[in-house]
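Colleague: Could you have a look at this structure, given as structure tokens, before my questions?
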Amino acid sequence: ADDQFTGSMETNVVIRYDGQVMWDSPAITKSSCKVDVSYFPFDGQQCRLTFGSWTYNGNQIDLLNGLATGDLTDFVENVEWEVLGMPAKRNVIIYGCCSEPYPDITYTLLLKRRASFYIFNLLLPCIMISFLAPLGFYLPADSGEKVSLGVTVLLALTVFQLLVAESMPPSENVPLIGEYLPLPAAGWATVEALYRLCRCSTRRGMGAL
2 ADDQFTGSME TNVVIRYDGQ VMWDSPAITK SSCKVDVSYF PFDGQQCRLT FGSWTYNGNQ
62 IDLLNGLATG DLTDFVENVE WEVLGMPAKR NVIIYGCCSE PYPDITYTLL LKRRASFYIF
122 NLLLPCIMIS FLAPLGFYLP ADSGEKVSLG VTVLLALTVF QLLVAESMPP SENVPLIGEY
182 LPLPAAGWAT VEALYRLCRC STRRGMGAL
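Following our numbering from start to finish, the sequence shown increments by one per residue and tops out at 210.
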């Protein structure tokens, strides 16, 4: 990348005989969009980029989208996101302060997360560890391995919960995997509590004898 590139580049404006003006200006645009991670890591996002003029109204400058979708010919593939498309739509807005129309072009960037990395490194280990939770109910109450297995599973589920939180951007939505992880942890906490109660009752019975 060019270290002297400031985010935009000065280019010539092409004026046609019919009055149309074409300005192809490469630029790096940063924008924010609302993220929904409810189905992480199988989620898809929609980010909208709106381009318009706040200085000139539609009677002075009219914006037209030459193509129904954005040009992704030179797009470089991303390892985490797959671009499904970038449809374009022309909007005309009339604000309350003014009677003139203000056109803009809105591009909707359709993104889909590539989930293979998270499936093999997050989901499958989490599911395999979750299958260990019911085993705690089959172990004898006086078995010391019950406590060791329970503590190990609880720590592993806590680590996976932290990994899920670090892999996602801040959002108001809680992913389904985030709602699932506390369930086996609660199961192991129940096993631990029953084990303690059983041990206490056994000691009391032996003391009475």
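Here a beta-carbon is modelled for each residue, glycine too, at the ideal position from N, C-alpha and C.
#1: What is the C-beta distance between L125 and L150, in whole angstroms, given that I count them as a contact (C-beta under 8 Å)?
#2: According to the neighbour-count rule (16 or more other Cβ atoms, all chains shown, within 10 Å of its Cβ), is L73 buried or exposed?
#3: Straight-line CA distance for L177 to V93?
#4: Please name the residue or residues paired with I16 in a DSSP beta bridge.
#5: Below 8 Å on the Cβ atoms is my contact criterion, and I expect G71 with L64 to pass it. Report the Cβ-Cβ distance as a whole number of Å.
#6: From N66 to L158, what distance separates their C-alpha atoms?
#7: L135: buried (16+ other C-beta within 10 angstroms of its C-beta) or exposed?
#8: List the endpoints of the continuous beta strand (DSSP E) containing Y108.
#9: From this set, A194, D19, W82, which residue's C-alpha is nearest Y119's C-alpha?
#10: Taking the DSSP output, what are the residues bridged to K90?
#11: Which residue marks the beginning of the beta strand (DSSP E) containing L50, and which one marks its end?
#12: With L85 and L111 assumed to form a contact (beta carbons below 8 Å), what rounded beta-carbon distance in angstroms separates them?
#13: Any idea which residues DSSP pairs A134 with across the strands?
#14: Relative to the C-alpha of S32, which residue among F41, T51, V38, R17 is closest?
#15: Considering only C-alpha positions, which residue in the set K90, M129, Q46, N60 is nearest to V154?
#16: Determine, using beta carbons only, whether P27 and G59 come nearer to each other than 8 Å.
#17: Straight-line CA distance for I95 to D37?
#18: Give the single residue among T109, I106, Y57, A116 whose Cα lies nearest to the Cα of S100.
#19: Can you tell me the Cα-Cα spacing of M23 and Q47, whole angstroms?
#20: Grab me the residues of P42's own chain with a C-beta within less than 6 Å of its C-beta, minus the 5 sequence neighbours each way, in chain order.
Modeller: The relevant details are as follows:
#1: One-based indexing of the sequence shown puts residue 125 at position 124. One-based indexing of the sequence shown puts residue 150 at position 149. With a Cβ gap of about 20 Å, L125 and L150 do not count as contacting.
#2: In the sequence shown, the residue the question calls residue 73 occupies position 72. Counting Cβ neighbours within 10 Å, L73 comes out exposed, since fewer than 16 surround it.
#3: To locate residue 177, count along the sequence shown from 1; it is residue 176. To locate residue 93, count along the sequence shown from 1; it is residue 92. Distance between the alpha carbons of L177 and V93: 39 Å.
#4: Looking up residue 16 in the sequence shown gives position 15. Answer is V22.
#5: Indexing the sequence shown from 1 puts residue 71 at position 70. Indexing the sequence shown from 1 puts residue 64 at position 63. The pair is not a contact, with the Cβ atoms about 14 Å apart (cut-off 8 Å).
#6: Reading the sequence shown from its first residue, position 65 is the one you call residue 66. Reading the sequence shown from its first residue, position 157 is the one you call residue 158. For N66 and L158, the distance between alpha carbons rounds to 50 Å.
#7: Here residue 135 refers to the residue found at position 134 of the sequence shown. For the record, residue 135 in the displayed sequence is Pro; it is not Leu. Answer is exposed; the Cβ neighbour count stays below 16.
#8: The count along the sequence shown starts at 1 and reaches residue 108 at position 107. Counting along the chain, the beta strand (DSSP E) containing Y108 begins and ends at 103 to 114.
#9: The sequence position of residue 119 within the sequence shown is 118, counting from 1. Each of A194, D19, W82 was checked against the Cα of Y119, and the nearest Cα belongs to W82.
#10: In the sequence shown, the residue the question calls residue 90 occupies position 89. Beta-bridge pairing links K90 to T107.
#11: Residue numbering aside, residue 50 sits at position 49 when the sequence shown is read from its first letter. 45 to 53 is the span of the beta strand (DSSP E), which, as asked, contains L50.
#12: In the sequence shown, residue 85 corresponds to position 84, counting from 1. In the sequence shown, residue 111 corresponds to position 110, counting from 1. L85 to L111, Cβ: 4 Å. Contact.
#13: Taking the sequence shown and counting its residues from 1, the one referred to as residue 134 is at position 133. Answer is none; A134 lacks a bridge partner.
#14: On the sequence shown, position 31 is the one that residue 32 refers to. Residue T51 is the option with its Cα nearest to S32.
#15: As a working note, residue 154 is residue 153 in the sequence shown. Among K90, M129, Q46, N60, the Cα nearest to that of V154 is on M129.
#16: Counting from one through the sequence shown, the residue named residue 27 turns up at place 26. Counting from one through the sequence shown, the residue named residue 59 turns up at place 58. The beta carbons of P27 and G59 sit no closer together than 8 Å.
#17: Indexing the sequence shown from 1 puts residue 95 at position 94. Indexing the sequence shown from 1 puts residue 37 at position 36. Answer to the nearest angstrom: the Cα atoms are 30 Å apart.
#18: In the sequence shown, residue 100 corresponds to position 99, counting from 1. Cα-wise, what sits closest to S100 is Y57.
#19: Here residue 23 refers to the residue found at position 22 when the sequence shown is read from its first residue. Here residue 47 refers to the residue found at position 46 when the sequence shown is read from its first residue. Computed Cα separation, rounded: 27 Å.
#20: For the purposes of this step, residue 42 is taken as the residue at position 41 of the sequence shown. Result list for P42: R114, A116, Y119, in chain order.
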